[in-house]
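Numbering follows the working numbering, with no gaps: position 74 of the sequence shown is 98.
Before any comments, here is the structure.
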Amino acid sequence: LVIKKRTDSRPRDEWFDWLNGKWLDTFAPQGPWIVTSDEIKDPQVLDISTYINGERKQHNNTGQMLYPVNKIIEYISAIITLEPGDLISTGTISGVGATTGTFMKKGDKVEIEISGIGVLKNSVAASKK
């Protein structure tokens, strides 16, 4: 499963800053396929790339994650009960706007690809303010 985080440019709230850009309607698109754990032999060897208007902006491998998938699941399941269908979003790889000074704008075409899973394609839309 590919989950893309969309961020919002609305004014930031000191306490909820990290949530404000992630929890609005239409944010965190998912898909286009759901892959079960038995279909991925090793979740730590998947290449991930992000393209904006056809130009690769991010590329890395899940082997570079700060915490391996099994440890993330172990940690979360010690706090809450994970149910079939639950999603865990682990964050992003380097190369995003905050570090490069370039940000997505209305009309941009965004593609996120994970090897062996597929490509998630979306267009950036303007806020409905």
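Each residue gets a CB set at the ideal place from its N, CA and C atoms; glycine is no exception.
Note that the coordinates shown come from a computational prediction; the quantities given were computed from them, not determined experimentally.
- Boundaries cannot be given for asparagine 77, as no alpha helix (DSSP H) includes it and DSSP labels it neither H nor E.
- Taken in chain order, the whole beta strand (DSSP E) runs of length 3 or more contained in the region 48-106 are 71-76 and 79-85.
- In this structure, the straight-line span from the alpha carbon of lysine 133 to that of tyrosine 91 is close to 30 Å.
- If you look at serine 118, you'll find it isn't in any beta strand (DSSP E); DSSP assigns it neither H nor E.
- Beta-bridge partners of serine 147 (DSSP): Lys133.
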